[in-house]
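Asker:
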Amino acid sequence: MMSKSSSMNSKISELHREISNLKKQLEDKENELRDLQSSLHTTDRDTEEGLTRDDIMRYSRQMIVPSIGVSGQNKLKGGAVLIIGCGGLGCPAAQYLAGCGIGRLGLVDYDVVELSNLHRQLLHSESTIGIPKVTSLAEALHRINSTLRVEEHNIQLDSSNALELVGQYDVVIDASDNVATRYLVNDACILANRPLVSGSAVGLEAQLTVYNYNGGPCYRCLFSSPPPPETVSNCSDVGVVGPVPGCIGVLQALQAVIILTGNGNVLSQRLLLFDGEQTNFRTIKIRGKSESCAVCGSNPTITQLIDYEQYCGAPANDKERRLNLVDKTERVTTHELNEAIKNSEPALIIDVRSPIEFEMCSIPGSINVPLKDLERQQIQDDVRERWNKLKAEASNESKVYVICRRGNDSQLGLKQIKQFLSCPAYDLIGGLHAWSRDIDPSFPPY
0 MMSKSSSMNS KISELHREIS NLKKQLEDKE NELRDLQSSL HTTDRDTEEG LTRDDIMRYS
60 RQMIVPSIGV SGQNKLKGGA VLIIGCGGLG CPAAQYLAGC GIGRLGLVDY DVVELSNLHR
120 QLLHSESTIG IPKVTSLAEA LHRINSTLRV EEHNIQLDSS NALELVGQYD VVIDASDNVA
180 TRYLVNDACI LANRPLVSGS AVGLEAQLTV YNYNGGPCYR CLFSSPPPPE TVSNCSDVGV
240 VGPVPGCIGV LQALQAVIIL TGNGNVLSQR LLLFDGEQTN FRTIKIRGKS ESCAVCGSNP
300 TITQLIDYEQ YCGAPANDKE RRLNLVDKTE RVTTHELNEA IKNSEPALII DVRSPIEFEM
360 CSIPGSINVP LKDLERQQIQ DDVRERWNKL KAEASNESKV YVICRRGNDS QLGLKQIKQF
420 LSCPAYDLIG GLHAWSRDID PSFPPY
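Sequential numbering from 0 applies to the sequence shown in numbering that gives the first Met the number 0.
In structure tokens:
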């Protein structure tokens, strides 16, 4: 009996605590409701807090959330966010910031809308192909929120303009797609003392973190020097599934909201990892601020912006990177290869793209030997066998031509092939992009 009585008393105490908590929550909600109802009794003139009647009606569902409220909404209305890159990350970030009531939004991009953008950059459309991305995005944002102040910066960000531009905004979102811009934006945010919300997405994977916030690390603290250009990949090289940058762009917008309102857990000194294939989010801790960091450390050596393309050895864009890894005597133009094909010259044309890319489109008569497979002995034996058969059947000199999408991987492939095969071998300058431009306009330059 004593045990049963004790159990009942414990249950009664638990219910009393729950009732007390519910009463407190009810009181808080009633106070919020009174605040909103009081605001609704005003005219279209600004309230004392700076919100109009339309603001309150529009953002009421958001303002009811305790971490936003009237104070937070005012901070959003008075806030300014700069989005660098109006693509797969920038579009969703801008869309949700426009929707939630940011007062001023800056858009930076020098590129125009292309057909290949539309599977993931959903605020652009078929009707805006060829139009500057900042203009296309600004028009879409005004359709969402006509009161939003949008500032278009149709420029390529560089060391001559980044610092002044970054300093005009409260929070910066890095939605760019190349290493040079990441270092540039990071350094500008440090020098201007602005928090940086950094996201990236490629394939089915993505990352998100916040740099230079409340004593946290910057990008250079983690990556003190840039990687070799030939090791860097982006969505233009290896592809990206549309919803993946969409997820991260939305979360970048959320981090900007948290920073501006001052309520919530900012993703500083933590890295959010998203695996789209497994639909898995996880957060890991990353190193803190480095005292030896060249830009934010105790004795910084970088006190002004530098030439970041030279520093990284790569252009500040995702366009075709022109690598020169082999001697020019080992390279041929599209016209030279086309003449060899038209004249039926004995040739082994090796396409080193992935099997999926080869299936998408290929030059008739070419064979697919993916670059990553060229180190395998079985593949080398197969290539050698094909070459020997070609030589035996040919009356003229036989040649090997190595091709890829843009003329970079083919140079790597050529170097590998020459290690196990003694033959006249050549790389196609500009790859299949050049082939589409110079020889066959119907060939899709993806």
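Glycine included, every Cβ here is placed at the ideal spot set by N, Cα and C.
No experiment lies behind these values; they were computed from the predicted model shown.
Span of the beta strand (DSSP E) holding G198?
Answerer: It spans 195-201 - the beta strand (DSSP E) in which G198 sits, taken as one unbroken run.
Asker: What is the residue span of the beta strand (DSSP E) that N279 lies within?
Answerer: 279-284
Asker: Can you pull the DSSP bridge partners for Y425?
Answerer: Y400
Asker: Could you compute how far the alpha carbon of S353 sits from the alpha carbon of C234?
Answerer: Looking at the two C-alpha atoms, the distance is approximately 15 Å.
Asker: With a threshold of 7 Å on Cβ separation, who are the neighbours of I247 within its own chain once the five nearest residues in sequence on each side are excluded?
Answerer: L88, G198, A200, A205, L207, F273
Asker: Would Y445 pass as a contact of Y425 if the rule is Cβ separation under 8 Å?
Answerer: Result no, Cβ atoms of Y445 and Y425 do not sit closer than 8 Å.
Asker: Just curious, the alpha helix (DSSP H) that D53 is in, first and last residue?
Answerer: Note, D53: alpha helix (DSSP H), 52-62.
Asker: Does the stretch 250-257 touch the stretch 176-185, meaning 3 or more C-beta pairs lie closer than 8 Å?
Answerer: no
Asker: So which of R405, S223, A313, L81 has the shortest CA-CA distance to D236?
Answerer: R405
Asker: Per DSSP, what kind of secondary structure is A174 in: helix, strand or coil?
Answerer: Note: A174 maps to coil in three-state DSSP.
Asker: CB I416 to CB L389, shorter than 8 Å?
Answerer: Cβ atoms of I416 and L389: not closer than 8 Å.
Asker: Should L75 be labelled buried (16 or more other beta-carbon atoms within 10 Å of its own) or exposed?
Answerer: buried
Asker: 8 Å is my cut-off, CB to CB: does N73 come that close to chain C?
Answerer: You won't find chain C in this structure, because it holds only one protein chain.
Asker: For the beta strand (DSSP E) holding L271, just list the boundary residues, first then last.
Answerer: 269-274
Asker: Bridge partners of P131, per DSSP?
Answerer: DSSP lists V111 as partners of P131.
Asker: What is the residue span of the alpha helix (DSSP H) that T328 lies within?
Answerer: No alpha helix (DSSP H) holds T328; DSSP gives it neither H nor E.
Asker: My assumption, with CB atoms under 8 Å, is that G71 sits in contact with N262. Please give the rounded CB distance.
Answerer: 6 Å
Asker: CA-CA distance, G430 and G49?
Answerer: 58 Å
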